[in-house]
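Everything on this sheet refers to the single structure shown next.
Number of protein chains: 2
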Amino acid sequence: MFSPEHDAAIHGEAHQLRSEYVIRIDGVVAARPKETENPNLPTGMIEINVTKLTILNASLPLPFQLDEQVGENTRLQYRYLDLRRPQMQRNIMFRHRVMQSMRRHLDESGFIEVETPMLTRSTPEGARDYLVPSRVNPGQFYALPQSPQLFKQLLMVSGYDRYFQITRCFRDEDLRADRQPEFTQVDLEMSFVEPDDVMNLTEGVVARAFSDALGIEIPHPIPRITYAEAMDKYGLDAPDVRIPLELTDLTEIMKGSSFKVFNQAANLTGRGNEHGLVKALKIPGGASLTRKQIDEFTEFVGIYGAKGLAYIKINGDWSEEKWQSPIVKFLSDDEKRAIAEATGAQTGDIVFFGADKASVVNEALGRLRVKIGKELGIISDTPFAFVWVTDFPLLDWDNEARRNVAVHHPFTAPNPEDIQHLDQADGDSVEHPLEKVRSLAYDLVLNGIEVGGGSIRIHSPELQKKMLGLLDIDDEEAEAKFGFLLSALNYGAPPHGGLALGLDRLVTLMLGLDSIREVIAFPKTQKATCVLTEAPSTVDLPQLRELHIRTTAKPKTAE
Amino acid sequence: MFSPEHDAAIHGEAHQLRSEYVIRIDGVVAARPKETENPNLPTGMIEINVTKLTILNASLPLPFQLDEQVGENTRLQYRYLDLRRPQMQRNIMFRHRVMQSMRRHLDESGFIEVETPMLTRSTPEGARDYLVPSRVNPGQFYALPQSPQLFKQLLMVSGYDRYFQITRCFRDEDLRADRQPEFTQVDLEMSFVEPDDVMNLTEGVVARAFSDALGIEIPHPIPRITYAEAMDKYGLDAPDVRIPLELTDLTEIMKGSSFKVFNQAANLTGRGNEHGLVKALKIPGGASLTRKQIDEFTEFVGIYGAKGLAYIKINGDWSEEKWQSPIVKFLSDDEKRAIAEATGAQTGDIVFFGADKASVVNEALGRLRVKIGKELGIISDTPFAFVWVTDFPLLDWDNEARRNVAVHHPFTAPNPEDIQHLDQADGDSVEHPLEKVRSLAYDLVLNGIEVGGGSIRIHSPELQKKMLGLLDIDDEEAEAKFGFLLSALNYGAPPHGGLALGLDRLVTLMLGLDSIREVIAFPKTQKATCVLTEAPSTVDLPQLRELHIRTTAKPKTAE
Numbered sequence: 001m002f003s004p005e006h007d008a009a010i011h012g013e014a015h016q017l018r019s020e021y022v023i024r025i026d027g028v029v030a031a032r033p034k035e036t037e038n039p040n041l042p043t044g045m046i047e048i049n050v051t052k053l054t055i056l057n058a059s060l061p062l063p064f065q066l067d068e069q070v071g072e073n074t075r076l077q078y079r080y081l082d083l084r085r086p087q088m089q090r091n092i093m094f095r096h097r098v099m100q101s102m103r104r105h106l107d108e109s110g111f112i113e114v115e116t117p118m119l120t121r122s123t124p125e126g127a128r129d130y131l132v133p134s135r136v137n138p139g140q141f142y143a144l145p146q147s148p149q150l151f152k153q154l155l156m157v158s159g160y161d162r163y164f165q166i167t168r169c170f171r172d173e174d175l176r177a178d179r180q181p182e183f184t185q186v187d188l189e190m191s192f193v194e195p196d197d198v199m200n201l202t203e204g205v206v207a208r209a210f211s212d213a214l215g216i217e218i219p220h221p222i223p224r225i226t227y228a229e230a231m232d233k234y235g236l237d238a239p240d241v242r243i244p245l246e247l248t249d250l251t252e253i254m255k256g257s258s259f260k261v262f263n264q265a266a267n268l269t270g271r272g273n274e275h276g277l278v279k280a281l282k283i284p285g286g287a288s289l290t291r292k293q294i295d296e297f298t299e300f301v302g303i304y305g306a307k308g309l310a311y312i313k314i315n316g317d318w319s320e321e322k323w324q325s326p327i328v329k330f331l332s333d334d335e336k337r338a339i340a341e342a343t344g345a346q347t348g349d350i351v352f353f354g355a356d357k358a359s360v361v362n363e364a365l366g367r368l369r370v371k372i373g374k375e376l377g378i379i380s381d382t383p384f385a386f387v388w389v390t391d392f393p394l395l396d397w398d399n400e401a402r403r404n405v406a407v408h409h410p411f412t413a414p415n416p417e418d419i420q421h422l423d424q425a426d427g428d429s430v431e432h433p434l435e436k437v438r439s440l441a442y443d444l445v446l447n448g449i450e451v452g453g454g455s456i457r458i459h460s461p462e463l464q465k466k467m468l469g470l471l472d473i474d475d476e477e478a479e480a481k482f483g484f485l486l487s488a489l490n491y492g493a494p495p496h497g498g499l500a501l502g503l504d505r506l507v508t509l510m511l512g513l514d515s516i517r518e519v520i521a522f523p524k525t526q527k528a529t530c531v532l533t534e535a536p537s538t539v540d541l542p543q544l545r546e547l548h549i550r551t552t553a554k555p556k557t558a559e
Numbered sequence: 001m002f003s004p005e006h007d008a009a010i011h012g013e014a015h016q017l018r019s020e021y022v023i024r025i026d027g028v029v030a031a032r033p034k035e036t037e038n039p040n041l042p043t044g045m046i047e048i049n050v051t052k053l054t055i056l057n058a059s060l061p062l063p064f065q066l067d068e069q070v071g072e073n074t075r076l077q078y079r080y081l082d083l084r085r086p087q088m089q090r091n092i093m094f095r096h097r098v099m100q101s102m103r104r105h106l107d108e109s110g111f112i113e114v115e116t117p118m119l120t121r122s123t124p125e126g127a128r129d130y131l132v133p134s135r136v137n138p139g140q141f142y143a144l145p146q147s148p149q150l151f152k153q154l155l156m157v158s159g160y161d162r163y164f165q166i167t168r169c170f171r172d173e174d175l176r177a178d179r180q181p182e183f184t185q186v187d188l189e190m191s192f193v194e195p196d197d198v199m200n201l202t203e204g205v206v207a208r209a210f211s212d213a214l215g216i217e218i219p220h221p222i223p224r225i226t227y228a229e230a231m232d233k234y235g236l237d238a239p240d241v242r243i244p245l246e247l248t249d250l251t252e253i254m255k256g257s258s259f260k261v262f263n264q265a266a267n268l269t270g271r272g273n274e275h276g277l278v279k280a281l282k283i284p285g286g287a288s289l290t291r292k293q294i295d296e297f298t299e300f301v302g303i304y305g306a307k308g309l310a311y312i313k314i315n316g317d318w319s320e321e322k323w324q325s326p327i328v329k330f331l332s333d334d335e336k337r338a339i340a341e342a343t344g345a346q347t348g349d350i351v352f353f354g355a356d357k358a359s360v361v362n363e364a365l366g367r368l369r370v371k372i373g374k375e376l377g378i379i380s381d382t383p384f385a386f387v388w389v390t391d392f393p394l395l396d397w398d399n400e401a402r403r404n405v406a407v408h409h410p411f412t413a414p415n416p417e418d419i420q421h422l423d424q425a426d427g428d429s430v431e432h433p434l435e436k437v438r439s440l441a442y443d444l445v446l447n448g449i450e451v452g453g454g455s456i457r458i459h460s461p462e463l464q465k466k467m468l469g470l471l472d473i474d475d476e477e478a479e480a481k482f483g484f485l486l487s488a489l490n491y492g493a494p495p496h497g498g499l500a501l502g503l504d505r506l507v508t509l510m511l512g513l514d515s516i517r518e519v520i521a522f523p524k525t526q527k528a529t530c531v532l533t534e535a536p537s538t539v540d541l542p543q544l545r546e547l548h549i550r551t552t553a554k555p556k557t558a559e
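Chains as they are written, first to last, in UniProt numbering: chain A, 1 to 559; chain B, 1 to 559.
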């Protein structure tokens, strides 16, 4: 404290001090006089009688106060001030602790950290690459890595049995709410493993981080469900298992329905997710939902392509005609009985229906399930509900391109039990044996959000070639894109697999935050710009000339 | 072992096995029969009687044997095989241990690891940037960071007192022997520190790495010399202090010499390193050097711009005319006496001379000193000789551009003792007061190679503006390039400073290797290409179109 009694000169100097000044004081620490003690402040019991004051740096008045709510754009523009907020300090330091904890666990588990190139070749994740023009090699471009996938596989071929890296990855995608052009991945790969080994190891890494950084022991082992079960029960491959609601499949029941909407959907055939489904979502106690609420849900499922949202309010027994619904008149008694039995609907419940292509029904009802669970509080109070989703399909049918695409990536191994289907003629048969092939891929999901994913990879050169063939990637393209990996598999590649955790998202969820931008020191906006540094920016023409490129942009040409 | 007595079927199967096959065996471990024991093998005392053999993967015959010496291009093309060599395994695993050790030390010292952006704005290191065209913002470009310099300073402004990061940096420079387009930096920054604090902390980090990874305790504290002393004694700012040879300055002595070469150099005036010097390098016992050796040294100094290499073989007392030299006839007795006294040359020695601009003399003799020290074995057997070089000049005079440039970077703080010179008119005065201003910059040198460097930064906005003015960076340019840092300094920036260690180089030196490519898993060639993945490569036109660029390269246009 600066008191005129102690030192009049310093008391005078202290009048210059303003908020956020950086000062040095020399002085004597003393107990505060009883009446001025403030136990609510960390330093509330003491005072310093200053004998010398040095102003190390002044500060202009801040554009906003540190305890003031301001828009995100302002926060990002003055990120160096925003990062002073106690909340942001906590986030950044927490992230640091998570990283150290994970690295320590991996190091102690015999993993070697190996840095892989940033200036590299297009990787096969299938998202858009960020390109870097080469000055030394005119007309050629590096790509920033979407992941170190191929390099970590090469490291397995090289005999580094356990690799990890906490590394930056890049995807030039249209930014959805919670994506960044660059993001951080906890990347790992192991040799001579099966899915269980990778999942167990990952659980150890995650559990250690929760324990070290949050002081919470997460339940162990983490429950697992198959992709097929997740889609069936939850409609999504990243289910929020805190919500006890489940979908019920009525497709078989509705195949002979005289209700055209259900009948058509139930009998719709098609490859991949183009075939039809009729599913129900029962909400216990939902009969009290208002018309307005139901209208809002109908609008919500429309986002995911649903053409409407049929429902039945279960106001009593169906046989007593107590069901209240615009569609009930189209349903036969058998169908009503089947619905009641299959959904287990009780008086007071509501049942929603989806009838369309599988892709639409699952996503619409799956997301409605989450929305309703959260809004109506039909959710457990577990703060962190993890689940592994396993047995993803190997291939997905791209109806537009009329070809198979890899669900995970082209290097994911098929489940050995299903491998014989790879040789079965697929053609236009209704069986589509290829669709039945499961992969050895697994995703880690936390509170309905995918926080990691991985797979066992193909280590046999013959199988890898077959897989590329199924993806319509011809030899020439394969050789050009990842010939080096195909070569490497020829020289004694061990069986291997791995996983990558999305660090930004995991840390965000651990802190119960909504946006990954809260745990990234200098994030970009949804337009992929940094409002602090004003990146990207125009550059001088000579710089472009050296790189053998020219901009074709009209409005803002480089000067 | 597969023996026909144990199991004839498996013995038969084993005939398929070839080098580098990946197999699984089930069997019984047993002691080898006495006569087949081989204590030179790790597994030389045991054998496994195989009961089941599974071939997990076959291998084609390798393009080279793992214990075979092959050219670097072949090694890089088959890097996944090259990395199997025990030597490369050791290097990569050693690097891992160094990284974990450093991080642990920094974490335990209260440092927070913060990730800074890779897609950012041009940083002011002055090297050429790698650019990344933006798809979302036509005509605009990100730059890959040359270092996280500005972001780490912002973090200090944000109150993260101790920051670190082991991070990738990028410089699009013409690649000298031991440079890579991307390299790894151990980057740190601290608030409320003086040079001593940063140097002490760094010594702790390095000592810990040597101790943990190499089991060697490095002498502590590391000796320090000033830049001025290093240039004076060693001619280089990264002196190899294992070599006991020193340069002797004869400039004053030669100002009145009738030997024109010395006289002109001694009287040459100019700014920066354009002024003249006459220096000597005495090699004890060097009188026995052959004509051929001296010719080779003359050619060597020519690389650094020296027009010749005068020498005197000290075959006895100068006064008895025992000096053997083409130049001795041009020297007066006083000059000879002065040379003998200043260099302390004894019978049997040789003295080499440099007379030219300071830049040429220092570099030529400085490098000759190292070459001769290593070739003639005039070098201590300390494997690791560290030295701090301190008090670098703040500014250097760029004679071509006729302006001052920052020796370290524009954010390096001047030594407070010299700060008054910043206001002195510089103009064309022979005094050049600005050249006297020392900075608070320091470099860490190991065996004559710079492995790290840093400085205390400017935290006062006024001083920063003055500094930019001295560098002829006008307000508009400053605002455009790093206006966000200048703004940040206005809001209570604490005094701060830091350092960055070059991890690739440090690990290379720790292992006694010659090239950083030996400690990088997937390095690039000197043409900045990756021969393994064939990056960079041409890309499809639509990809460029999306990025609003066009290549101007003639021979190899993208298809």
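Ideal Cβ positions, reconstructed from N, Cα and C, are used throughout, including at glycine.
Chain A partners of Lys527(B), CB-CB under 8 Å?
Correct list: Val136 and Asn137.
Got a sec, what are the start and stop residues for the alpha helix (DSSP H) Pro195(A) sits in?
Where Pro195(A) is concerned, the enclosing alpha helix (DSSP H) stretches over Pro195 to Ala209.
Go ahead and pull the three-state DSSP assignment for Pro414(B).
In the structure shown, the three-state DSSP call for Pro414(B) is strand.
Closer than 7 Å between beta carbons: that is the criterion. Which residues of the stretch 498-531 of chain B meet it against chain A?
Of all residues in the stretch 498-531 of chain B, Ala521, Phe522, Lys527, Ala528, Thr529 and Cys530 have a Cβ within less than 7 Å of some Cβ in chain A.
Measuring only the C-alpha atoms, how far is Arg79(A) from Lys524(A)?
A straight-line Cα-Cα distance of about 11 Å links Arg79(A) and Lys524(A).
Check the Cβ-Cβ distances between Ile112(A) and every residue of chain B, and say whether any is below 8 Å.
Chain B, which has a Cβ nearer than 8 Å to the Cβ of Ile112(A), makes this yes.
When DSSP labels each residue in this structure, what does Asp187(A) get in the three-state scheme?
Note: Asp187(A) maps to strand in three-state DSSP.
Whose C-beta lies closer than 6 Å to the C-beta of Ile327(A) among residues of the same chain, with five residues either side of it excluded?
In the same chain as Ile327(A), and ignoring 5 residues on each side of it, the C-beta atoms closer than 6 Å to its own belong to Ala310, in chain order.
Tell me, please, whether the CB atom of Ala9(A) is closer than 8 Å to any CB atom in chain B?
Interface with chain B (8 Å Cβ-Cβ cutoff): Ala9(A) is excluded.
Close-in-space but distant-in-sequence residues of the same chain around Thr120(A) (CB under 7 Å, 5 per side omitted):
Cβ neighbours of Thr120(A) beyond the five flanking positions: Tyr142, Ala143 and Pro145.
Less than 8 Å separating the beta-carbons of Ala230(A) and Asp240(A)?
No, the pair does not count as a contact, with Cβ atoms beyond the cut-off.
Does the stretch 351-365 of chain A come close enough to the stretch 255-273 of chain A to have 3 or more Cβ pairs within less than 8 Å?
The stretch 351-365 of chain A is in contact with the stretch 255-273 of chain A.
Between the stretch 295-312 of chain B and the stretch 377-393 of chain B, do three or more beta carbon pairs fall short of 8 Å?
In short, these stretches do not touch, since the Cβ pair count stays below three.
Supposed contact pair His105(B) and Arg208(B) - C-beta distance, whole angstroms, cut 8 Å:
That belief holds up - the Cβ atoms of Arg208(B) and His105(B) are roughly 4 Å apart, short of 8 Å.
Name the chain A residues that come within less than 7 Å of Pro223(B), Cβ to Cβ?
Residues of chain A with a Cβ closer than 7 Å to the Cβ of Pro223(B) do not exist; the shortest Cβ-Cβ separation is about 31 Å.
Determine the DSSP secondary structure at His496(A), reduced to helix, strand or coil.
Reduced to three states, the DSSP call for His496(A) is strand.
Residue burial classification, Asp172(B) (beta-carbon count within 10 angstroms, cutoff 16):
Asp172(B) should be labelled buried.
What in chain B is Cβ-close to Asp107(A), meaning under 7 Å?
Identification of chain B residues near Asp107(A) by a Cβ-Cβ cut-off of 7 Å yields Gln100, ordered along the chain.
From what residue to what residue does the alpha helix (DSSP H) around Lys329(B) run?
From DSSP, Lys329(B) is part of no alpha helix (DSSP H); its letter is neither H nor E.
Cross-chain neighbours of Met93(B) in chain A, by beta carbon under 7 Å:
Here the neighbours are Ile112.
Can you pull the chain B neighbours of Val157(A), defined as C-beta to C-beta under 7 Å?
Going along chain B in sequence order, the residues near Val157(A) (Cβ under 7 Å) are Tyr80.
Inter-residue spacing [alpha-carbon to alpha-carbon] between Gly71(A) and Glu375(A)
Straight across, the Cα-Cα distance linking Gly71(A) with Glu375(A) is about 26 Å.
C-beta contact flag for Ser19(B) and His11(B) at 8 Å
Going by C-beta atoms, Ser19(B) is not nearer than 8 Å to His11(B).
Over the uninterrupted beta strand (DSSP E) stretch that includes Ser263(B), give me the two end residues.
Checking the sequence, you will find Asn at residue 263(B) rather than Ser. Here Asn263(B) belongs to no beta strand (DSSP E); instead the alpha helix (DSSP H) covers Lys260 to Asn267.
For Arg171(B), which of helix, strand or coil comes out of DSSP?
DSSP places Arg171(B) in coil when its eight states are reduced to three.
Would Gln180(A) be called buried (16 or more neighbouring beta carbons within 10 Å of its own) or exposed?
Note on Gln180(A): 16 or more other CB atoms within 10 angstroms of its CB, so buried under the neighbour-count rule.
Have a look at the DSSP bridge pairing and note the partners of Thr248(A).
Bridge partners of Thr248(A): Ala280(A).
Once DSSP output is grouped into helix, strand and coil, what is the label at Tyr78(B)?
Correct three-state label for Tyr78(B): coil.
Just tell me which of Leu60(B), Lys465(B), Ile449(B) and Leu470(B) has its CA closest to the CA of His432(B).
Comparing Cα positions, the closest option is Leu470(B).
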